[in-house]
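S.K.:
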Amino acid sequence: MPGIELKNVTKTFGAATVIDNVSLSIRPHEFMVFLGPSGCGKSTLLRMIAGLESVDAGEIWIGDRRVDQLAPGERRVAMVFQHYALYPHMTVRENMSFGLRNVKLPEAEIDKRVDAAAKMLEITHLLERKPGQISGGQRQRVAIGRAIVKEPHLFLFDEPLSNLDAALRVRTRLEIAQLHQRVDAAMIFVTHDQVEAMTLAHRIVVMNNRKIEQIGTPMEIYSRPATTFVASFVGTPA
Ligand code: ADP
Ligand code: MG
């Protein structure tokens, strides 16, 4: 099980630097939360790790492999998007299989992985339906299933709960924590919600304005905020 290392990662869009010289280590099987306000660069950083955005400077390593120049499919990383990003014209099974077919896995192995993930997520009865025929919470499970079948070393979640109602948000949060117990992978979970961060994280990376403000356990972040921004964002009493 590899760890993940970001070394001096920088991203600019035109004249704007949106990630400024970020360095970070994630341990094997660690549950890491990126916490920060809207626009601080969380999604951009996640997309660089996934390979959906290029890295302008710096390096990304997974174990002993440098991955920042590799295609997304070669990184052993799987991302779950805020808006699920399912193909509406494909069934649930086809949505979950699609990425595996691209890497030319044998059909029998694809079916085996999809069936196992569907069972784990309790969506076996939905496999032949289309995304338009299932609920938002079920679509979220399909999106998670599509990540599981890739057997990644690293799961990336970009605000996966923000489109769910309050009850479903709590339930899905618990399920993601359970998933983490069952898979041999690290996770990065992006949120702007302090409660989600505090309940899920082994360690929290507090981000603001293109940079990391502080990295620490929930207890460290809450009881010993390193900056006034962290103190006000996590709501530490003065
Ligand atoms: P967060 O996920 O924390 O809300 P983002 O990573 O989405 O923040 O965005 C960080 C900054 O980068 C924002 O100012 C956003 O407008 C800008 N940005 C993100 N993607 C692009 C893009 N493709 N082109 C130009 N600017 C972008
Ligand atoms: Mg975002």
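The end of the sequence shown is residue 440 by the working numbering, with every number in the run present.
By construction, the Cβ of each residue, glycine as well, lies at the ideal position given by its N, Cα and C atoms.
Computed from a predicted model, the values in this text were never measured in an experiment.
Sorted by chain position, which residues of the same chain lie with C-beta nearer than 7 Å to L328's C-beta, five sequence neighbours on each side aside?
M.R.: V294, I336, Q340
S.K.: Taking I423 as part of the alpha helix (DSSP H), name the residues at either end of that continuous run.
M.R.: For I423, the enclosing alpha helix (DSSP H) stretches over residues 420 to 425.
S.K.: Measure the alpha-carbon distance for S227 versus F431 and round it to whole angstroms.
M.R.: 22 Å
S.K.: Between which two residues does the beta strand (DSSP E) carrying M409 extend?
M.R.: 405 to 410
S.K.: Name the two residues that bound the continuous alpha helix (DSSP H) containing A399.
M.R.: Note, A399: alpha helix (DSSP H), 396 to 402.
S.K.: Figure out for me which residue from V235, E398, S240, K244 has the closest Cα to the Cα of I221.
M.R.: The closest CA to that of I221, considering only V235, E398, S240, K244, is found on K244.
S.K.: Could you check whether the Cβ of S364 sits closer than 7 Å to any heavy atom belonging to ligand 2?
M.R.: No, since every heavy atom of ligand 2 falls outside the 7 Å radius drawn around the Cβ of S364.
S.K.: Given a threshold of 16 other Cβ atoms within 10 Å of its Cβ, counted over all protein chains shown, does T214 qualify as buried or as exposed?
M.R.: exposed
S.K.: Listed by chain order, which residues have C-beta atoms less than 5 Å from any heavy atom of ligand 1?
M.R.: Working through the chain, the matches are F215, V220, S240, G241, C242, G243, K244, S245, T246.
S.K.: May I ask you to list the residues that DSSP assigns as paired with E207?
M.R.: S227, W263
S.K.: Can you pull the DSSP bridge partners for L356?
M.R.: V279, A388
S.K.: Is the beta carbon of D258 within less than 7 Å of some heavy atom of ligand 2?
M.R.: no
S.K.: Alpha carbon to alpha carbon, how far is L381 from M250?
M.R.: 24 Å
S.K.: Only counting the same chain, and skipping five residues up and downstream in sequence, which positions put a Cβ closer than 7 Å to that of G347?
M.R.: M298, A319, A320, L323, I325
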